[in-house]
Amino acid sequence: MSNQKIPVEKYSTPEIASKSVAKEVAALIQKNNSDGKNTVLGLATGSTPLHLYKELIRIHKEDGLSFKNTITFNLDDYYPISQDDPESYYYFMQQHFIKHIDILPENFHIPDSNMPRESIEIECAKYEQTIKDSGGIDIQILGIGRTGHIGFNEPGSSRDSRTRLVELDKITRDDACSNFNSLENTPKYSLTMGVATIMEAKKIILMAWGKSKSEIIAKVVKGSITNEASASFLQSHPNAKFVLDKDSVSRL
Ligand code: F6R
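If you want it as structure tokens, here you go:
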């Protein structure tokens, strides 16, 4: 393991890795709760954070961690998609996290995948402003796509990109296709926080599991910073780390 440009933590399994991340997130929430302060989390969907949400729910139920002073902002959602579509990220978050904890409904934020096209620009700017008004993101949780995307910042996304409508890469649509039955039914667009939005988080934890992620992980940890893989921008973040399992780390 040489030439690493981002700190990496390696764990034997995704479950053990996720428990460590959950512990870190819970400790911050606990501290802020005791200090009477809010905690602002940036959240991801997909298969990667499932163990993390499961563990945070367990800590809430068994150890009494309260999310009443926690504010969350999700990275992205497909566009357009109905919020009650089981494939929407809104629905995903409700099922896998939000409905199991005591967060106030108004403190859960996700780009609105039903907004009319003509409102997108103004609504995306409002999303950015709401993040700022909340005090900024304390911990941003990320997964990574095989294109190197964070959020849905596909190849070509610039370092200064903000929350906006983006066209999904063919590889990303191929990866999502099994959830939508066919490529034709797979969304072509999404609303996503931009690279600049993500980079403003005070702390960033990117998680990745499995052999299928090992190639892109090696590229963004050891390669140069390029808008061809937006995760590579994390090399220049002062407080970002990758939490990996033994398979995703295998090419480092
Ligand atoms: C999801 C997101 C994406 C995913 C990435 C990995 O909100 O922003 O960047 O984190 O596509 O997806 P999984 O975890 O399903 O491999």
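The opening position of the sequence shown corresponds to residue 156 in our numbering, with each subsequent residue numbered one higher.
Ideal placement from N, C-alpha and C gives every residue a C-beta, glycine not left out.
Since residue i contacts residue j with CB under 8 Å, what's their CB separation in whole angstroms?
i	j	result
Thr-347	Leu-230	6 Å
Pro-204	Trp-364	At roughly 10 Å, the Cβ-Cβ gap does not stay under 8 Å, so Pro-204 and Trp-364 are not in contact.
Gln-233	Ser-268	Position check: residue 233 holds Tyr in this sequence, whereas Gln was assumed. Sure, about 6 Å apart at Cβ, within 8 Å.
Ser-313	Asn-394	No, Ser-313 and Asn-394 are not in contact; Cβ-Cβ is about 22 Å, not under 8 Å.
Leu-407	Ala-351	With 8 Å as the limit, Leu-407 and Ala-351 do not qualify as a contact, their Cβ atoms being about 27 Å apart.
Gly-408	Ala-386	Because the chain here runs from 156 to 407, residue 408 falls outside it and cannot be looked at.
Ile-265	Tyr-245	5 Å
Is the beta carbon of residue j closer than 8 Å to that of residue i?
i	j	result
Asp-330	Glu-309	no
Ile-353	Gln-295	yes
Thr-225	Ile-184	yes
Ile-286	Ile-292	yes
Leu-198	Val-180	no
His-206	Ser-173	yes
Glu-322	Tyr-344	yes
Val-163	Val-375	no
Thr-327	Met-248	no
Gly-349	Thr-318	yes
Lys-396	Ile-161	yes
Leu-361	Ile-299	yes
Considering only C-alpha positions, which residue in the set the options is nearest to residue i?
i	options	result
Val-398	Leu-338, Arg-406, Met-354 and Leu-297	Leu-297
Gln-159	Asp-239, Leu-389, Thr-194 and Tyr-208	Leu-389
Pro-271	Leu-320, Asn-262, Thr-302 and Phe-252	Leu-320
Lys-358	Lys-192, His-392 and Ser-175	His-392
Ser-403	Gly-191, Arg-301 and Ser-333	Arg-301
Asp-263	Thr-194, Ser-387 and Lys-186	Per the sequence presented here, residue 263 reads as Phe, with Asp not at that position. Among Thr-194, Ser-387 and Lys-186, the Cα nearest to that of Phe-263 is on Thr-194.
Cys-279	Ser-316, Lys-368 and Asn-336	Ser-316
Leu-259	Phe-222, Ala-384 and Asp-240	Phe-222
Ser-367	Tyr-208, Glu-164, Asp-400 and Ser-333	Asp-400
Asn-187	Asp-257, Pro-241, Asp-288 and Leu-220	Leu-220
Lys-209	Ile-236, Val-176 and Asp-240	Val-176
Phe-335	Met-362, Ile-236 and Gly-378	Ile-236
Asp-257	Pro-241, Ser-189, Arg-213 and Ile-305	Arg-213
Ile-380	Phe-307, Asp-218, Gly-311 and Ala-356	Gly-311
Glu-217	Gly-191, His-255, Gln-250 and Ile-305	His-255
Leu-211	Lys-192, Asp-190, His-251 and Cys-332	His-251
Phe-307	Ala-384, Tyr-166 and Ser-189	Ala-384
Following a CB-centred definition, is residue i positioned closer than 7 Å to any heavy atom of the ligand MN?
i	result
Tyr-208	Inclusion of the ligand MN in the displayed structure is not the case, the ligand content consisting of the ligand F6R alone.
Query - Complete runs of the alpha helix (DSSP H) confined to the region 163-216 [at least 4 residues] - result: 169-189
Report task. Give, in chain order, every unbroken run of the beta strand (DSSP E) that is at least 3 residues long and sits entirely within the region 276-333. Result -> 294-297 and 319-322
**Report entry** Secondary structure, beta strand (DSSP E): runs of 3+ residues fully inside the region 220-287
**Finding:** 225-229 and 231-234
Requested in this report: Any chance you could list the alpha helix (DSSP H) runs of at least 4 consecutive residues sitting entirely within the region 336-376, in chain order?
Outcome: 350-354
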